[in-house]
Structures are given as structure tokens and as C-alpha cells.
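All remarks here apply to the structure that follows.
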Amino acid sequence: MFEEAQYFAPVATRDDGTVEVELAASHPGFADPVYRSRRNAIAALAVGYTPGTPVPTVDYTEQEHEVWRIVSRELAIKHRKYATAEYQDATERLGLPGERIPQLQEVGDLLEPLTGFRYLPAAGLVPLRDFYGVLADGFFHSTQYIRHHSTPLYTPEPDVIHEVIGHANALASDRYARLYRLAGNAARRVESEEALEFISKIFWFTLEFGVMTDQGELRAYGAGILSSYGEIEEFRGMDIRPLDLVAMGTTHYDITKYQDVLFRAESLDHLEDVVGEFWSGCDDEAVFRIMGNAR
């Protein structure tokens, strides 16, 4: 199954203390020693991070800033056509820079006065309970690296564009931010791995790949769609199903390709009533009961 912040390239700390990000041979940056060195150095900053201190600053290169500029510009155009009004308003409210990659500390400084959220650096694998659990406290784990410059409109893994353009803009909305917190509290409340997986899948089909009827048409609010240059053009042609907790919590998906099954909320009120209310009080017993009723 998908686990947010867990399908990054594996990160290993060697005996000599060096940090290495293991890229697959199919990765756009696999044969680029400069990019691989950058990935290692940026991951090392997160590995060495001490909670409660400012997020380490990454000295981004002009080439990296240019990738951000390209993607930020192209996604802004698509958001006007495909993103929900709530997401667009939150984007304007947050005011991320379009000409350079913002530091995670800076993103948190922008978000905190709005919804109380801040960012934490992630080198790679973050335990599922940790990733979701800290959402309850208003923290979001994020990578700091950016995709390879040869494919600015594609990444095989979540990078700072996905984590910031996709999620931070949503987190600038009071209503979406409340849903993130509810998901975090739900993840902390449950004890079994099966219940945690159920909650994480609902997160996947809503805050990552959620769509809803908005402004009289199907629009996206999920960070996974809204940070993907290609997928944002395709989601309206997918198998769109009604919002359903059991279906979302038990549907299998493939993280390596565009999502061919999506679940539509009829409005933001509808999303809050169905998903928000479930997350607000669910525990292991509630999850097993709803799953058992579906069998």
C-alpha cells in the first residue's frame, strides 16, 4: 500500500557517518553524479535535524530554482482551471514565491499564522504512525530536494514541489488544515495496523487524490493531483465514484501510475460531513465495525 513519505528512494547512513540516497536505475538522476551528490547532502541535513530547532537551510542552486520556476508557473495555470475555489483562495492566502524554492522554515513561518502548521524535514522513510501522528500537532514531514532538471514536469517520488505546492497550499486553508489534523488524531487513536491502513487509504483518496464538484464541475483538491503536471490534465477522465468510506479504505491502488479510480465529494461540506466526522471519532472498533458491515 501507499504510505505517504515512505516511497522515497531509501536513505542509508553508512558506518563512516555519510548519508546515501539509493536511486533506482530508472530514476532520471541515476546517472548524474552531481544530482546524486546533491540528494545525499540534502538528505544529510534532515538526518542531522534536531526537533525543536529551525529547519536546516538548503543552499539551492540556480538550476534547482529554475526547475521550481518552470513547474510553479505551469501548475499555476492549471490550478485556475482545475483546482477547487477553496484551494485557489488558500494559494493566494499563502503567497508562496514563484521565482525560487522556499525554505521549509519559511513555509512554516507563512503557514503558522494562518492555520498553525509548520514543516519538518524528512530525509526519506518516515514511519507511518509518525507521519500521520504529527499532523495532529500541526506538523508536516517534507523532503527538501527537487526533481532532476532533465524532467522538470515529472518526478518518480514526492519532492519539495509536491510537498509544498501540493500540500502547503492546502494547509493554508482553515477547512483543509482541519481535515489534516483530524486524520492525524485518528491515526494516533487507533492501535492496530489494519485500522491505521484504513485511515491512510482514506487520506490517499481525499487529501492526496481527492476530487469534488465545485463551481459546477469536477475539480481537484488533492495534493497529488494538484502537484502533477500530467495527472491534473487526466483526472476528469478516470473512474469517478461517489465518496464512500468503506470503498476508499479498502480500494487497492498503484502508486507508480496515474490513479484510475477517484472518489468525488459533492462539496467541501460533504467532504467534512463524511470524512471529517469519521476521522473525528473513529477508533479500532469503529473501523472494524464499518469494515465488517461491508463484508
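Those letters in the sequence shown? Residues -15 to 279, by my numbering. Every residue gets a Cβ at the ideal spot worked out from N, C-alpha and C, and that includes glycine.
Query	Result
Runs of beta strand (DSSP E) lying entirely within the segment -10 to 57, each at least 3 residues, in chain order	-5 to -3, 3 to 5
Contact set for Gln72: own chain, Cβ-Cβ below 8 angstroms, skip 5 residues either direction	His63, Arg64
8 angstroms Cβ cutoff met for Gln128 and Ala28	no
8 angstroms contact criterion, which Ala171 and Leu180 should meet: CB distance rounded	6 angstroms
Cα-Cα separation, His49 to Asp121	31 angstroms
Cβ-based neighbour list, Leu255, same chain, cut-off 6 angstroms, excluding 5 preceding and 5 following	Ala249
Rounded separation between Thr135 and Leu59 - CA only	15 angstroms
Contacting residues, own chain, Cβ-Cβ under 7 angstroms from Arg86 (five flanking each side not counted)	For the sequence presented, residue 86 should be read as Pro rather than Arg. Closer than 7 angstroms at the Cβ level, and outside the excluded window around Pro86, lie Leu80, Val148.
Limits of the unbroken beta strand (DSSP E) element including Thr197	195 to 198
Proximal residues to Thr190 (C-beta, below 6 angstroms), its chain only, five neighbours per side dropped	Val259
Burial state of Pro(-6), where buried means 16 or more other Cβ atoms lie within 10 Å	exposed
Minimum C-alpha distance to Leu112 - residue among Ala67, Glu178, Thr234, Asn153	Glu178
Exposed unless 16 or more other CB atoms sit within 10 angstroms - verdict on Thr2	exposed
From Ser211, Leu210, Tyr205, Tyr33, residue whose alpha carbon lies closest to that of Pro251	Per the sequence presented here, residue 251 reads as Ser, with Pro not at that position. Taking only the C-alpha atoms, the option nearest Ser251 is Tyr205.
Cβ-based burial, His236 [other Cβ within 10 Å; buried from 16]	exposed
Reduced DSSP category for Phe101 - H, G, I as helix; E, B as strand; rest coil	coil
C-beta contact flag for Thr99 and Ala167 at 8 angstroms	no
Extent of the continuous beta strand (DSSP E) run through Arg113	First-last for Arg113: 112 to 117, but that is the alpha helix (DSSP H), not the beta strand (DSSP E).
Selected residue, minimal CA-CA separation from Thr240, among Ser212, Asp228, Arg84	Ser212
Selected residue, minimal CA-CA separation from Ile216, among Ala156, Arg84, Ile61, Pro226	Ile61
Buried versus exposed, by CB contacts within 10 Å (16 or more), Ala(-11)	Confidence is the limiting factor: at Ala(-11) the pLDDT is only 37, short of 50, which leaves the residue's position unreliable, though a coordinate-based value still follows. Looking at its Cβ environment, which holds 16 or more other Cβ atoms inside 10 Å, Ala(-11) is buried.
Local Cβ density within 10 Å of Gly108, reported as buried at 16 or more and exposed below that	buried
Own chain, CB closer than 6 angstroms to Ala8, minus 5 neighbours either side, in chain order	none
Val55 to Gly208 span [Cα, whole Å]	14 angstroms
Length of the line joining the Cα atoms of His151 and Pro35	21 angstroms
Beta strand (DSSP E) segment containing His125, residue limits	123 to 126
Euclidean distance between Cα positions of Val51 and Ala270	45 angstroms
DSSP state of Arg172 mapped onto helix, strand, coil	helix
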